[in-house]
Each structure stands twice: as structure tokens, then as C-alpha cells.
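J.:
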Amino acid sequence: GAVVSQHPSRVICKSGTSVKIECRSLDFQATTMFWYRQFPKQSLMLMATSNEGSKATYEQGVEKDKFLINHASLTLSTLTVTSAHPEDSSFYICSARRRNEVYEQYFGPGTRLTVT
Amino acid sequence: DQQVKQNSPSLSVQEGRISILNCDYTNSMFDYFLWYKKYPAEGPTFLISISSIKDKNEDGRFTVFLNKSAKHLSLHIVPSQPGDSAVYFCAASERDRYSGTYKYIFGTGTRLKVLA
């Protein structure tokens, strides 16, 4: 198997606060993890790519100071949305790639973030 | 600029018939393509993939066809079942020029409804 979990599955936070989302690979080592966001009825947009032990690579238009990504171990990556605003409300999905695999990504179940 | 497009936002098919979902792309550097199935508030589930050196890949009821000259791929589901009702995303893989990591560009999605 290649199971990826996310925690929490849904979170509500107040505007101006920060929220952390965890992404874990449960039965494999993930050398690369990806973070996506999906707005209602839209596509999955890649936000950033993180390789274990190195800084994340952010896609154009994604604020790195707002979306902090840490990939501290081979099984855990975290996304922290800092000073969240209502427009950050979205569905955040992570995926992980196993060592020695080139193309495959294994997706987590997603986290619904609502900022009030 | 949407590099991967699914021009049909929705499709309805009778149970037992063939479902054909289409995807067009613009970047000739894409070298690997995938199809995912997704339910609301869940992560994508991998269905089938195809390398750019092939023009067809089959797995059970699912077949993916790739026409590189037309920059077009399609997913055929035969026979369609009510449980296939979901949103289907195609994804194209490209190598990030800075990190060297292969990442996905997702299409806009097609909502398939299989009628019993």
C-alpha cells in the first residue's frame, strides 16, 4: 500500500490566526511531498513541492511567507497557513512520492479549511 | 494559461454504455499522463496512467488513449457503472526546471454521471 493521511480533516479558524495541517505517509518513506489547494468546482492547483530536508519550492503566485511548508522527516510534511483570511478558505490536499519513484503521487484525503 | 484542459465540465451516460472523457494539453514536454477520480471533500484516487512513448494503456474497464500529435488523451470506461459517478481529472507530468522534480498539472475536471 501507499497510504497518506492528513490531519485535521476539517478546521475552522478565526481570521488572523494560523493553522497547521499535517500530511503523513503511513507505510512508506516520502522523499517528496506536494501541497495542492482546490476551490469549489475547480481544479487542483499545485502550491509547492517539498523535498525532505530542504526548502520547499513554491509555484508562481503562492506566497511562501503565508504558506509555510516544513518537510522535517521522510514521513511528515506540514503546511501552516499564517494570518489566515477568509479567502484562504479552501480544500488543501497533500500527496507524497516514494523513494525511487519518478511520476507516482499518493494523495491524502484532504483538509477543509474555513476561515471566519 | 491552462496547460491541461478538459472541455466538457459534465457528462451523463447510461449504465452499461461507454463513457469517454477527453483531455487536451498544450505543452509537448509533458511525458507522463494520469487519470484520477475524485469525490467531493476527498483526495483523488488514481485510475490509470500512460507514458508518452505509448498510445494506449488498458486496465480492466479503463483504457487511456494518447494522441501525441493532437496533444489529446482520452479515458474510456466500459461498461459504465453507477459507482463510476464522480469528477474525473486528467493530469500531465512535467519536470520542474529548477528542482528537477516531476510534478503534476491537473486538468479542469469532468463530472461524470452514470444513470442506472
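Residue numbers (the numbering used here), protein chains in the order written: chain A, -3 to 112; chain B, 152 to 267.
We put the beta carbon where it would ideally sit given N, CA and C, even for glycine.
These numbers come from a predicted model, not from an experiment.
When the cut-off is 8 angstroms and only beta carbons count, does L42 (chain A) lie next to chain B?
T.: It does; some Cβ of chain B falls within 8 angstroms.
J.: Please classify D61 (chain A): does DSSP put it in a helix, a strand, or coil?
T.: coil
J.: Tell me, please, which residues DSSP counts as bridged to N178 (chain B).
T.: Note: N178 (chain B) sits in no beta bridge, so no partner.
J.: Take the Cβ of R93 (chain A) as the centre, count every other Cβ of all protein chains shown within 10 Å, and call the residue buried at 16 or more, exposed below.
T.: buried
J.: Starting from A237 (chain B), find everything on chain A with Cβ-Cβ shorter than 7 angstroms and list it in chain order.
T.: Those do not exist, as A237 (chain B) stays about 14 angstroms from chain A at its closest Cβ, beyond 7 angstroms.
J.: Closer than 9 angstroms by beta-carbon distance: list the chain A residues that pair up with A192 (chain B), in chain order.
T.: S5, R6, F87, P105, G106, R108
J.: Please go through the segment 164 to 248 of chain B and give each complete beta strand (DSSP E) segment of 3 or more residues, from N-terminal end onward.
T.: 170 to 176, 183 to 189, 196 to 202, 207 to 210, 213 to 218, 223 to 228, 237 to 246
J.: Using only CA atoms, which one of A:P4, A:F24, A:M29, A:K37 lies nearest to T45 (chain A)?
T.: A:M29
J.: Please check the pair A237 (chain B) and Y190 (chain B), which I expect to be a contact at CB under 8 angstroms, by giving their CB distance rounded to whole angstroms.
T.: 5 angstroms
J.: I'd like the list of long-range same chain contacts for V111 (chain A), defined as Cβ closer than 7 angstroms, with 5 residues on each side in sequence excluded.
T.: For V111 (chain A), the CB contacts under 7 angstroms within the same chain, skipping 5 residues up- and downstream, are C9, S11, A80, H81, P82, D84, S85 in chain order.
J.: Within 8 angstroms of any Cβ in chain B, is that where the Cβ of S21 (chain A) sits?
T.: no
J.: Just to confirm, are K205 (chain B) and D175 (chain B) a CB contact at a threshold of 8 angstroms?
T.: no
J.: What residues in its chain sit with their C-beta under 7 angstroms from that of K219 (chain B), if we drop five residues either side in the sequence?
T.: The beta carbon of K219 (chain B) sits closer than 7 angstroms to the beta carbons of S203 from its chain, once the five residues preceding and following it are set aside; these are given in chain order.
J.: With C-beta atoms as the reference, is F87 (chain A) less than 8 angstroms away from V77 (chain A)?
T.: Going by C-beta atoms, F87 (chain A) is not nearer than 8 angstroms to V77 (chain A).
J.: How is the beta strand (DSSP E) around F24 (chain A) delimited, first residue to last?
T.: Note, F24 (chain A): premise wrong, no beta strand (DSSP E); not H, not E.
J.: Kindly say whether F257 (chain B), judged by its beta-carbon, lies nearer than 8 angstroms to any beta-carbon of chain A.
T.: yes
J.: Against chain B, with Cβ distances strictly below 8 angstroms, would Q101 (chain A) count as a contact?
T.: yes
J.: In chain A, what lies closer than 8 angstroms to K254 (chain B) by C-beta?
T.: Neighbours of K254 (chain B) on chain A, chain order: F30, L42, T45.
J.: Am I right that I89 (chain A) and Q34 (chain A) are in contact with their C-beta atoms under 8 angstroms? What's the rounded C-beta distance?
T.: 6 angstroms
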